[in-house]
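Chains as they are written, first to last, in my numbering: chain P, 1 to 207; chain C, 1001 to 1207.
Number of protein chains: 2
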Amino acid sequence: MNRSNGEELHPRDTAGDGISRGPGRPRSAAADEAILGAALELFAEVGYQALSMEAVAARAGVAKTTLYRRYPDKAALVAAATDRARPSVEFPDTGSMRGDMVELFRVTESALDSPMTMRIFALMVSEFAENSEFRDVYWRNFVEPRRQAFAEILERGKQRGELRGDADIDLLVDILAGSAMYQAIRPGTEPLTERMERIIDLIWTAL
Amino acid sequence: MNRSNGEELHPRDTAGDGISRGPGRPRSAAADEAILGAALELFAEVGYQALSMEAVAARAGVAKTTLYRRYPDKAALVAAATDRARPSVEFPDTGSMRGDMVELFRVTESALDSPMTMRIFALMVSEFAENSEFRDVYWRNFVEPRRQAFAEILERGKQRGELRGDADIDLLVDILAGSAMYQAIRPGTEPLTERMERIIDLIWTAL
DNA sequence: ATATCAATACGCTACGTTCGGTATTGATAA
DNA sequence: TTATCAATACCGAACGTAGCGTATTGATAT
């Protein structure tokens, strides 16, 4: 799990510009696609630990060596596969800040319920303990976009006068994102959206 | 990783009442102790993944079979070892609610910085995705006590009149605990305690 | 009291299996 | 000619199991 990026380690840049090609047979783009697709599927199905390189190779219809030609190890492969799967985040605009917040949480809820998102989250947390660069990929792809959406909503609210001009947006985002993550982890409570609505209302009495 | 408790699976209840003992040689309490100690040490040192049963047995000075006589698999052993390691949580009482909160966070910060706590946290999150009963052990031992401390502080504040009587304590605890966890995960910011102070102050303008 | 018995734990060694990762080989595409 | 591909064998680490002989205990028979 303590792995460097992997892109640097392999001579052929599969996803590269494609213009300057060295000698010899080029990598198969079809294999690239099949590998990443199979890896992502299996990761979503069984999680990181139970994902085996043999299974990925089998599902992709590719030999195991073909995997290792592209990625130095399992960690790098999974990182690349999940990296590609960035879910797009919508920036809601309902007119009111509270409405935007609720809508954003509503949209996020399904993501937090999906096993794949939780698995990525788990990977991020566990890799944090190991201080790997892994964490940065996940943070950038999965957390930062949602933080951006939060910040955007708050900024608009500020301009509309719904939020005090001196409010620390970064701090507010921390509180909101932290509460959302916590609700996702916390066992057995009321539905996420409802609870988050109450959290929003509580914080907003202090706006 | 999908494992039932383990206590039920093995006939001898090592930690049982000790009064009614059937025939046969009893389990060695020294071995019990050595096993759990070695497992906890190794878990803190190398994490769950890299922890091997062979290493535990070697460090405990015990045969591998002795491990499997007690615990059905690695997951159960680690669960038992970490279960025993409940860190005690102090309930601060500085006189003011804000002071109590800050003090509690200050004490908690060192725990959040230790690799073992982070590893347990990671295990909890990843096991949540797998829906294992594992998660409940960790939640009960590591999260719930701190939630209790939070709730206690807030309750005292309520009685002192520092907090509105109709404040939803459970919800407040969620926000505070969630923010703290988030800060622990979030890469590279200011020191946890300082940031938590600001979060407390922000929320408390809405008391 | 003492020997025996049944039951269980213990350490040891070995084994079967899975899986990550490497090496080799012959064929194939550019 | 040169690198990729698939197939296969291989190595080593690790989980978990099985069998052996031995040690320790409670119950029982003499």
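Even glycine gets a Cβ: it sits at the ideal position worked out from N, Cα and C.
- Close partners of P:Y138 in chain C (Cβ separation under 7 Å) are lacking, with about 10 Å as the shortest Cβ gap.
- For the stretch 162 to 195 of chain P, the set of positions with a beta-carbon nearer than 8 Å to some beta-carbon of chain C reads D168, L171, L172, D174, I175, A177, G178, S179, A180, M181, Y182, Q183, I185, R186, P187 and R195 in chain order.
- Scanning its chain for C-beta atoms nearer than 7 Å, with the 5 sequence neighbours on each side dropped, one finds around P:L172 the residues L154, in chain order.
- Counted as a single uninterrupted DSSP element, the alpha helix (DSSP H) harbouring P:A75 occupies residues K74 to R84.
- Under the three-state reduction of DSSP, C:S1052 is assigned to coil, being neither helix nor strand.
- Annotation for C:M1118: L1112 and A1184 place their beta carbon closer than 8 Å to its own, counting only its chain and skipping 5 residues before and after.
- Annotated as proximal: P:V102 and P:E197, with beta-carbon spacing under 8 Å.
- Spatial neighbours of C:E1090 in its own chain (CB-CB distance under 7 Å, excluding positions within 5 residues in sequence) are listed in chain order as V1107.
- At a cut-off of 8 Å between beta carbons, P:F150 makes no contact with chain C.
- Not a single CB atom of chain P sits nearer than 8 Å to the CB of C:V1102.
- Boundaries of the alpha helix (DSSP H) around P:F105: M97 to D113.
- In the pairwise beta carbon analysis, the stretch 156 to 165 of chain P is classified as not touching the stretch 1165 to 1179 of chain C: fewer than three pairs are separated by under 8 Å.
- Closer than 8 Å at the C-beta level to chain C, one finds these residues of the stretch 104 to 119 of chain P: P115, M118 and R119.
- Rounded to whole angstroms, the separation of the alpha carbons of P:G47 and P:D83 is 15 Å.
- In the structure shown, C:T1117 adopts helical secondary structure according to DSSP, grouped into three states.
- The beta carbons of C:D1100 and C:P1087 sit about 19 Å from each other, so the pair does not count as a contact at 8 Å.
- Excluding five sequence positions before and after P:A60, the CB atoms of its chain that fall closer than 6 Å to its own CB belong to A34, I35 and A38, given in chain order.
- Here the alpha carbons of C:R1186 and P:L176 stand approximately 13 Å from one another.
- Taking C-beta separations shorter than 8 Å and ignoring five residues to either side along the sequence, the partners of C:I1203 in its chain run L1172, I1175 and L1176, following chain order.
- At a cut-off of 8 Å, the C-beta of C:L1202 has a neighbouring C-beta in chain P.
- DSSP, read as helix, strand or coil, puts P:G165 in coil.
- Cβ contact annotation for C:T1193 (same chain, cutoff 6 Å, sequence separation greater than five): F1105, R1106 and E1109, in chain order.
- Between C:L1042 and C:A1055, the C-beta spacing is below 8 Å.
- Within the same chain, Cβ atoms closer than 6 Å to the Cβ of C:A1044 are found at M1116, the five residues on either side in sequence being excluded.
- Secondary structure of C:Y1068 (DSSP, three-state): helix.
- When Cβ-Cβ separations below 8 Å define contact, P:F142 makes no contact with chain C.
- A residue is called buried when at least 16 other Cβ atoms come within 10 angstroms of its Cβ; C:G1157 meets this threshold and is buried.
- In summary, C:R1146 is buried, with 16 or more beta-carbon neighbours lying within 10 Å of its beta-carbon over all protein chains present.
- When the beta-carbon positions are compared, C:T1066 and C:A1031 come within less than 8 Å of each other.
- One finds G1047, Y1048, Q1049, M1118, R1119, F1121, A1122, L1123, V1125 and S1126 in chain C with Cβ atoms closer than 9 Å to the Cβ of P:S126, taken in chain order.
- For P:G61, there is no enclosing alpha helix (DSSP H), as DSSP marks it with neither H nor E.
- At a Cβ-Cβ threshold of 8 Å, P:L40 and P:A85 count as neighbours.
- Runs of the beta strand (DSSP E) spanning 3 or more residues and lying entirely within the stretch 1123 to 1162 of chain C do not occur at all.
- Within chain P, the residues D168 and L171 have their CB atoms less than 9 Å from the CB of C:R1198, given in chain order.
- The Cβ atoms of C:I1120 and C:F1150 lie no closer than 8 Å to each other.
- Taking a beta-carbon distance threshold of 8 Å, C:R1135 counts as an interface residue toward chain P.
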